[in-house]
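Trainee: What follows is a structure written as structure tokens; I'll ask about it next.
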Amino acid sequence: AVVGVGLLGAAIGFGVVSTIGFPLFSGLIPEGETGGYTAMYFSVRAVASAIALPAAGWMIAFTGSYRSLFMLGGIATVGALVPLARVPGPAMTRPRALAGLRRPRASRLARLAAVAVGAVAAGAVAATALGHTALGRADQALFSAVNALGPWPDAAFDALNPHLRNYALLSLIALVATLVTRRRLIPVAALVLGAWALAYTLSTAVTVLVDRPRPEEVASSGVFEGVWAPFASFPSGHAAVTAALTISIAALFPRLRLPMLAYLAVVAASRVAFGAHFPLDVLGGVAIGYAAVFVVGVALVETGLLAERPRLTRRAPASRAASPAPAGTS
């Protein structure tokens, strides 16, 4: 509260300076841009400063994490982009690769948004329950049993732990598979990269809402290949993004299904073996990754970029209609 008062004073000070200084600011407007900057612009800026600074401080105090500022900034940025979607622009010819796109139904988009929000809410509830129920204690016991099997080779840690390198490798696999199978690049990239971004966003949102301690903070013993305590444990963001990438690739390219799912299983097991996460953290991450693929896949079907929603299981072939019996036969 004391920090909030200080931030509020600073914010009001910035607002007063911006308002009183408007004559100076207007005198500095470049030639030819008169009318592009108004008193309303500086007033809104001052009000935004007065609100944003104490709001940021209170959000940090409420969540106990500075990472909440990243979520706040992202939400504010996306919210600021929404009005621009209604701004008329110059007529442009739609690229051939995007020909045939249609506007998705608002009701379907609302349901998809509800699925994404529901995934975050379910994750937050699960993380809270794991910290105060017998399920959490069972999860810790399972971690000790798996982690006690012994450390993996250093080569495995070096190969599997660098997140961005593995994500880039999976993206490269998707690109090569697209070129080999001669599929359209834009739909594949939209699903793979879209699921990646959504899985990261959803998993980060859960960790901001509920800060479950890492195994190294609560386990009495174990193998800990790295320092994980500064980051929340549930869900595993590594598992969420890896699941989004591997599941989307497996759904788009059936021949890569087994290698992708096997890679996901190895990465999921490694998070427990390295002491980074509890088993249910990893399962929660995989669930969020799958939800991200589902949401993005359905959204792409709505726009017409994909013909059908990606599936991990093969669809049963349509049964042929029975041929009419020849005349004179029973």
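In the numbering used here, the protein residues as written are 988 to 1317. For each residue, glycine too, the CB sits at the ideal point set by N, CA and C.
1) If you draw a straight line from the alpha carbon of alanine 997 to that of alanine 1155, how long is it in whole angstroms?
2) Tell me which residue opens and which closes the alpha helix (DSSP H) that glycine 1284 is part of.
3) Could you check what DSSP says for serine 1317 in three-state terms: helix, strand or coil?
4) Do isoleucine 1275 and leucine 1189 come within 7 Å of each other at the CB atom, strictly closer than that value?
5) Helix, strand or coil for leucine 1015, going by three-state DSSP, please let me know.
6) Could you say which of Met1046, Leu1015, Ala1256 lies nearest to alanine 1132 if we only look at CA atoms?
7) What is the DSSP secondary structure of glutamate 1371, reduced to helix, strand or coil?
8) Quick one: Cα of glycine 1014 to Cα of isoleucine 1007, how far?
9) DSSP three-state call for phenylalanine 1001: helix, strand or coil?
10) Report yes or no: do three or more beta-carbon pairs, one from the region 1278-1295 and one from the region 1170-1189, lie closer than 8 Å?
11) Could you tell me the alpha carbon to alpha carbon distance between threonine 1120 and valine 1228, rounded to whole angstroms?
12) With DSSP run on the structure shown, which of helix, strand or coil describes glycine 1044?
13) Reducing DSSP to helix, strand and coil, say where leucine 1129 ends up.
14) Is tryptophan 1139 helix, strand or coil when you go by DSSP?
15) Please list the terminal residues of the continuous alpha helix (DSSP H) segment that includes valine 1197.
16) Suppose the cutoff is 8 Å on Cβ atoms and the five residues either side in sequence are ignored; what does the same chain contact list for alanine 1116 look like?
17) For alanine 1219 and valine 1163, what's the separation of their Cα atoms in angstroms?
18) Could you give the residue range of the alpha helix (DSSP H) that holds arginine 1258?
19) In angstroms with no decimal places, state the Cα-to-Cα distance between glutamate 1020 and glutamate 1289.
20) Suppose you measure from the CA of alanine 1035 to the CA of alanine 1294; what does that come to, to the nearest Å?
21) I need the DSSP call for proline 1174, collapsed to helix, strand or coil.
22) Our contact map puts aspartate 1126 next to proline 1266 with C-beta atoms below 8 Å; I'd like the distance itself, whole angstroms only.
23) State the start and end residues of the unbroken alpha helix (DSSP H) segment that holds threonine 1233.
24) In or out: alanine 1101 buried (at least 16 other Cβ within 10 Å) or exposed?
25) Suppose the cutoff is 7 Å on Cβ atoms and the five residues either side in sequence are ignored; what does the same chain contact list for arginine 1199 look like?
26) Is DSSP giving alanine 1116 helix, strand or coil here?
27) Classify serine 1235 as buried or exposed, calling it buried when 16 or more other Cβ atoms lie within 10 Å of its own Cβ.
28) Look up serine 1220 in the DSSP assignment and say whether it is helix, strand or coil.
29) Residues in its own chain within less than 6 Å of leucine 995 by CB, not counting five upstream and five downstream?
30) Flag this pair as yes or no: are the beta carbons of leucine 1099 and valine 1285 separated by less than 7 Å?
31) Assign leucine 1172 to one of two classes, buried (16 or more other C-beta atoms within 10 Å of its C-beta) or exposed (fewer than that).
Mentor: On the basis of the supplied data:
1) Whole-angstrom Cα-Cα distance: 43 Å.
2) Its alpha helix (DSSP H) spans residues 1266-1290.
3) Confidence at serine 1317 is low in this model, with a pLDDT of 39, below 50, so the placement of that residue is unreliable and no value is reported for it.
4) With contacts defined by Cβ atoms closer than 7 Å, leucine 1189 and isoleucine 1275 form a contacting pair.
5) Of the three classes helix, strand and coil, the one that applies to leucine 1015 here is coil, per DSSP.
6) Checked all of Met1046, Leu1015, Ala1256; the closest Cα to alanine 1132 is Ala1256.
7) Residue 1371 lies beyond the stretch modelled for the chain, which goes from 988 to 1317, so this question has no answer here.
8) C-alpha separation (whole angstroms): 13 Å.
9) In the three-state reduction of the DSSP assignment, phenylalanine 1001 falls in the helix class.
10) Yes: the two stretches touch, three or more of their Cβ pairs being nearer than 8 Å.
11) Each residue's alpha carbon lies about 27 Å from the other.
12) Residue state, collapsed to three classes: helix.
13) In the three-state DSSP reduction, leucine 1129 falls in the helix class (H, G or I).
14) When secondary structure is reduced to three states using DSSP, tryptophan 1139 falls in the coil class, being assigned neither helix nor strand.
15) Segment: none, valine 1197 is in no alpha helix (DSSP H) and carries neither H nor E.
16) Leu1122, Gly1123, listed in sequence order.
17) Their Cα atoms are separated by approximately 35 Å.
18) 1244-1260 is the span of the alpha helix (DSSP H), which, as asked, contains arginine 1258.
19) Counting only the Cα atoms, glutamate 1289 lies some 41 Å from glutamate 1020.
20) The alpha-carbon separation between alanine 1035 and alanine 1294 amounts to approximately 44 Å.
21) Here proline 1174 sits in helix by DSSP.
22) At roughly 6 Å, the Cβ-Cβ gap stays under 8 Å, so aspartate 1126 and proline 1266 are in contact.
23) Segment 1224-1239, the alpha helix (DSSP H) holding threonine 1233.
24) Label assigned to alanine 1101: exposed.
25) Hits under 7 Å: Ala1114, Leu1117, Gly1118, Ala1219, Ser1220, Phe1221.
26) The answer is helix: DSSP assigns alanine 1116 an H, G or I state.
27) In the assembly as shown, serine 1235 is a buried residue. Its beta-carbon has 16 or more other beta-carbons within 10 Å.
28) Serine 1220 sits in coil when the DSSP states are folded into three classes, being neither helix nor strand.
29) Listed in chain order, the non-local C-beta contacts of leucine 995 below 6 Å within the same chain comprise Pro1041, local neighbours out to five positions each way being set aside.
30) Yes; because the gap between Cβ atoms is below 7 Å, this pair is in contact.
31) Result: exposed.
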